[in-house]
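Visitor: I have a structure I would like to understand better, so I am pasting it below and will then ask my questions one at a time.
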Amino acid sequence: MSERFSPKVVPLVDLRAGPLPIPVAAAPTPGLLRDTLGRNLRDLRISVTDRCNFRCGYCMPKEIFDKDYHYLPHASLLSFEEIVRIARQFVNHGVQKIRLTGGEPLLRKNIEILIEKLAALRTLDGTPLDLTLTTNGALLARKAQALKDAGLRRVTVSLDGLNDAVFRSMNDVDFPVADVLNGIHKAREVGLGPIKINMVVKRGVNDQEIVPMARHFKGSDMVLRFIEYMDVGATNGWRMDDVIPSAAVIQRLQTELPLLSLEPSQPGETAQRWGYANAAGTHDTAAGEIGVISSVTQAFCSDCNRARLSTEGQLYLCLFASHGYDLRSIVRSDASDQDLATAIGSIWSGRSDRYSELRSALIAETGAAVRRVEMSYIGG
Ligand code: SAM
Ligand code: SF4
Ligand code: SF4
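Residue 243 in the numbering used here sits at position 240 of the sequence shown, with consecutive numbering throughout.
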């Protein structure tokens, strides 16, 4: 059997075709971009590693991502210089927010150096970027101060439950919840806030943690977001039955913790906001708010302003895309920054992705096993 199709090598993208050709049409450069559906480019997510110290079943199931799994060799990864060079052109095209992700971004050696370089970039208005990072929190207590010192603004921490046994089984490496809570505490202490907490809800696995998690974070200055379990990648065995729709999460919370719907705080926001209500039925701002991210049951593609740069420099226009555009080959050629900016502009100008809106029709047409890029490769 060829290595390509060995059971231990999960193709991250459909290998029958290479990366998508980069369109050559001239695009405004630099400057604010609009795709074919009129959506601006505002948010860049950069995956800095495809490795992780957790094995969450919904993302990197142990049976596949085991000791024989072939991770990307170091030479394939974008260097920090390459990442910054690409990021600079995105910022010149209107990006205001950069999120570092992975895999587990805190596993990338010397991540603070990358953060320091990205923190020096300025938006088209001359303001610093909203520079953030999503982490599983395992290394956060150790690294929070260095991240803050390097110029990171804030963090989002993934936490799928407070019950230690549930949490250990969700991360599938027996990692104790207390250590993540300690990391969150430390991040808050050093000023990496406002902190967001992401909880992926999987039916029958951690849905009993919905109310305890809400109670725990209510009244803190942290915003807990409940994420619908998504059909990303091709390895997590996703089934619609495992998804608890956000509407059901809200309903479950409402029975104990009255909530009211809040306006979005900015365009393109992925989470719908709900505030805790006081006895008068208005928002109790001291109690705070929660968010729900309904990527499965309520598509939010119409104002999706996010681009994703994979660990090896492929640009993905949608979390559910099966192919990316190879920006690494540009930065490893003798192309100029201007060429790079033009390529990014052309790619975004031709974007028409809206997977979540088309999901139901696609699944009916092609079956649930449509091969897509893994979340650990392009990041959440
Ligand atoms: N390792 C880091 C972490 O877990 O925070 C960053 C990368 S992880 C891929 C980014 C986010 O994607 C996490 O909040 C994770 O819970 C979420 N995620 C991963 N797989 C998912 C899935 N199948 N459905 C919904 N969210 C998912
Ligand atoms: Fe690792 Fe994050 Fe994926 Fe969990 S969700 S396996 S922590 S990359
Ligand atoms: Fe954006 Fe794709 Fe998600 Fe729609 S499905 S919101 S286009 S990432």
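Glycine residues also receive a C-beta, built at the ideal position from the N, C-alpha and C atoms.
What number of angstroms, rounded off, separates the C-alpha of Ser-339 from the C-alpha of Asn-201?
Guide: 39 Å
Visitor: Go ahead and pull the three-state DSSP assignment for Glu-292.
Guide: strand
Visitor: Hey, which residues come within less than 7 Å of ligand 3, measuring from Cβ to any heavy atom, in chain order?
Guide: Ser-298, Ala-302, Phe-303, Cys-304, Cys-307, Arg-309, Cys-321, Leu-322, Phe-323, Asp-356, Arg-357, Tyr-358, Ser-359 and Glu-360
Visitor: Pick helix, strand or coil for Asp-128, following the three-state DSSP scheme.
Guide: coil
Visitor: Taking only heavy atoms of ligand 1 into account, decide whether any of them is closer than 8 Å to the Cβ of Pro-108.
Guide: yes
Visitor: Quick one: residues in its chain with C-beta nearer than 8 Å to the C-beta of Ser-359, no 5 flanking neighbours on either side, listed in chain order?
Guide: Ser-298, Val-299, Ala-302, Phe-303, Cys-304 and Phe-323
Visitor: Mind checking whether the beta-carbon of Arg-58 lies closer than 8 Å to any heavy atom of ligand 2?
Guide: Using a cutoff of 8 Å, the CB of Arg-58 counts as near ligand 2, since one of the ligand's heavy atoms is closer than that.
Visitor: For the candidate residues Asn-308, Tyr-232 and Leu-124, whose alpha-carbon lies nearest to that of Ser-355?
Guide: Asn-308
Visitor: Once the 5 residues before and after Pro-26 are set aside, which same chain residues still bring their CB inside 6 Å of it?
Guide: Ser-349 and Gly-353
Visitor: Below 8 Å on the Cβ atoms is my contact criterion, and I expect Ile-118 with Gly-154 to pass it. Report the Cβ-Cβ distance as a whole number of Å.
Guide: 6 Å
Visitor: Cβ atoms of Leu-142 and Leu-109: under 9 Å apart, would you say?
Guide: yes
Visitor: Give every residue of the same chain whose Cβ lies closer than 8 Å to the Cβ of Leu-262, excluding the five residues on either side of it in the sequence, and list them in chain order.
Guide: Same-chain partners within the cutoff: Ile-253, Leu-256, Trp-277, Gly-278, Tyr-279, Ala-280 and Ile-293.
Visitor: Just list the residues that DSSP pairs Val-204 with in beta bridges.
Guide: Glu-231
Visitor: How big is the Cα-Cα spacing for Leu-136 and Asp-177?
Guide: 23 Å
Visitor: Using DSSP bridges, identify the partner residues of Val-349.
Guide: Note on identity: in this sequence residue 349 is Ser, with Val being the wrong assignment. None, per the DSSP bridge assignment.
Visitor: Indicate whether at least one CB of chain D lies closer than 9 Å to the CB of Leu-143.
Guide: In the structure shown, chain D cannot be found, because there is only a single protein chain.
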